Amino acid sequence: MAFLGTLCLILVLTTLAGNFGNRLGVPAVIGELLVGIVIGPAMLNWVQLNGLVSLFADIGVVVLMFLGGLESDLKLLMKYLRPAIVVATSGVIFPVAVMGAVSWWWGFTALESLFIGVIFSATSVSISVAVLKEYHALGTREGATILGAAVADDIIGVILLSLMISLLASQGIHAAGSQPALGLVLLEQVAFFGGTYLLVKWIAPYLMHLSERLVVASSVTIMSMVICLGMAWLADIVGLSGAIGAFFAGIAVSNTPYRSTLADHVEPLGNAVFIPVFFVSVGLNMTLAHLGGNVTLIVVLTILACLTKLLGCGLGARVSGFSWTSGTVIGTGMIARGEMGLITAQIGHQAGLMSNTSYSAMILVIILATVLAPLFLKPALRRMAATPASTD
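Take any residue in the sequence shown, note its place counting from 1, add 37, and you have its number in our numbering.
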């Protein structure tokens, strides 16, 4: 029952923070992230990231990405698939090269430095989706490119993580929770995307039509959540983020006649409970323990974490024909780090590759980059709105 009190506290504080954020012209998500930092281990230590909070947070990110897919235009996503791949690739190369080199210069071993570069190659687009939704930019070509790049980034992240685990094994270091062989992982992911095509084309429309014939209250909404949670589960099984599966579930359902109905039903459910808990959970990950004299390293890596994605993804967008203004939106939309970065850091820590101090520093940099991302994205979106649309 204690969790009910925790949930009540989170919802009250995130509502107030969102209200003040909107009044000050700051994205509401920033207030929710700060609530997690203030009430979590970093400051007041009122709330810890326990099993129930993590469970609600996992559902929150799944619902958020489902809504993102529901509001996305599949034709627009396919149109900007090529630039999305270019953006994702350049957005991975920059952090691996620059942050790896700086870490090596700082005194980390070559293997540790490469690992740090891989940690910050990942992107968590969930934060950006919330800001894009808030400013009605999900349906733009920039929004489509960010979403497409996030999918490609997740696949590249899985490949890099698998290669790092293999490299650790070759050095006699055994990573806890090692994944299966890279070839098998890629084969499973190909099968997943093949199934996604079938879902969008035939399965989802059939299931949604079938649900309308069921004599059950909210049967259409229930069926959409079955598709959403099922796709998130399958994505997790093949080594992708569950958020990616939920995103494609949203796209599949958006191509049925029930799109507007589901947006009206699912969005209040997500925003009322699960999505605020997800944003608070990001702040709950932050801790100031074991930091010691690492403040300078944290500041430098946080700056580089932001710049490498901004410049890498922004240049990738520019090469693909976007204007500098659009490139800035895409670059800032890819800054936030998330699940894959945390997982990679945890593997390095469990394998003994990173000390407690280094691990805490990396987690803090991930959180700081995630908090800063919406602050950069909002003014970039404003500049884009004030700039005449460029031709494709």
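Glycine residues also receive a C-beta, built at the ideal position from the N, C-alpha and C atoms.
Note that this is a predicted model, so its numbers are computed, not measured.
Item, Value
"Cut-off 8 angstroms between Cβ atoms - residues of its own chain near M80, not counting five sequence neighbours on either side", "I74"
"Closest Cα partner of A286 within the set F103, S161, V129", "F103"
"Cα-Cα separation between W361 and S256, rounded to whole angstroms", "46 angstroms"
"Beta-carbon spacing of M245, P294 below 9 angstroms", "yes"
"Reduced DSSP category for A94 - H, G, I as helix; E, B as strand; rest coil", "helix"
"Limits of the unbroken alpha helix (DSSP H) element including A149", "Per the sequence presented here, residue 149 reads as Glu, with Ala not at that position. E149 -> alpha helix (DSSP H) spans 147-156."
"At least 3 beta-carbon pairs within less than 8 angstroms: the stretch 306-313 vs the stretch 118-130", "no"
"CB of I372 within 9 angstroms of CB of L409, strictly", "yes"
"Where K346 falls, given that 16 or more other Cβ within 10 Å makes a residue buried", "buried"
"Distance cut-off 8 angstroms: T424 Cβ against heavy atoms of the ligand COA", "Annotation note on the ligand COA: not contained in the displayed structure, which lists no ligands."
"K112, buried or exposed, once every other Cβ within 10 Å from all chains shown has been counted against 16", "exposed"
"For I34, the three-state DSSP class (helix, strand or coil)", "Here the chain comprises residues numbered 38 to 429, so residue 34 is not present and cannot be evaluated."
"Buried or exposed (CB count within 10 angstroms, at least 16 for buried), G176", "exposed"
"Assigned secondary structure, W83 (DSSP; H/G/I helix, E/B strand, else coil)", "coil"
"Of the residues L197, T51, V290, the one placed nearest Y234, counting alpha carbons only", "V290"
"Option nearest L114 by Cα separation, candidates V263, V162, T182, S363", "T182"
"Inter-stretch contact (C-beta, 8 angstroms, three-pair minimum) for the stretch 84-101 and the stretch 43-57", "yes"
"Classification of D190 by the beta-carbon crowding that lies within 10 angstroms, buried from 16 upward", "buried"
"Span separating the alpha-carbon of I240 from that of T258", "16 angstroms"
"Distance between T160 and S193 (C-alpha atoms, nearest Å)", "Note that residue 193 is Ile in the sequence shown, not Ser. Roughly 10 angstroms between the two C-alpha positions."
"Local Cβ density within 10 Å of G144, reported as buried at 16 or more and exposed below that", "exposed"
"Other residues of its chain near F157: CB distance less than 6 angstroms, five sequence neighbours each side excluded", "P132, M136, A342"
"Any C-beta of chain B under 9 angstroms from that of L46", "Among the chains of the structure shown, chain B does not appear; only one protein chain is present."
"DSSP state of S357 mapped onto helix, strand, coil", "coil"
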